[in-house]
Each structure stands twice: as structure tokens, then as C-alpha cells.
């Protein structure tokens, strides 16, 4: 009886004696989806960076004001998306860390 209890509580360990946790395909797919969402902003952020590096003279104030307003709208959308996505990723990783260990 004691041997059975020991066997039931044995957890698979890595070479460093760390417990192996169960991670499902869905967990991996979810993380990939959020990573792709963040990656999709690369081109937009590159354009915004180019706009803010603008050092051409003479400056056309009306054009810059219009572009600045448009860029601020894009940044607001990005920022909301970024904060939401990072929060979801943090929650997802926290859940993965608490996952049940794989048993023998």
C-alpha cells in the first residue's frame, strides 16, 4: 500500500530535477496567436518611427499637424492593443506555470 502511494505521487522530472508540466497544443497555439498579433505591428511602428525622426527642413506646419494627429490615433490603437495583449500573455503564462505536473 505504501509503495502504491509513492508511485502515485512520483512526478516526472527533467535532468535538473525540475517537474515537467503538462502543456497542451492549445496553450502553444494561443501563445503563437498573441505573438503574431504583436508582430503584426512591426511595419506600422516602423512607419511611426520614421515620422517622428522627421528632420527635413523647411517644416510644413499644417502637414505635420495633420500627420501628427493621424499618428497619434494609430499609436492610441496600438497602445490599447499592446496593453491588452501583454496582459493576456501574462495571465496565460501564469496559468501555464501553475499547470499540473506530469505524473509517471
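Residue numbers (my numbering): 14 to 117.
Every residue gets a Cβ at the ideal spot worked out from N, C-alpha and C, and that includes glycine.
- Per DSSP, the unbroken alpha helix (DSSP H) holding residue 89 starts and ends at 74–110.
- Our two residues, residue 106 and residue 45, have alpha carbons roughly 12 Å apart in a direct line.
- Sequence-distant partners of residue 40 (beyond 5 residues in either direction) whose C-beta falls short of 7 Å from its own C-beta, in its chain, are 109.
- In the DSSP assignment, residue 45 falls within the alpha helix (DSSP H) that extends over 38–52.
- For the options 38, 62, 61 and 51, the alpha carbon positioned closest to that of residue 100 is the one of 51.
- For residue 63, the enclosing alpha helix (DSSP H) starts and ends at 55–65.
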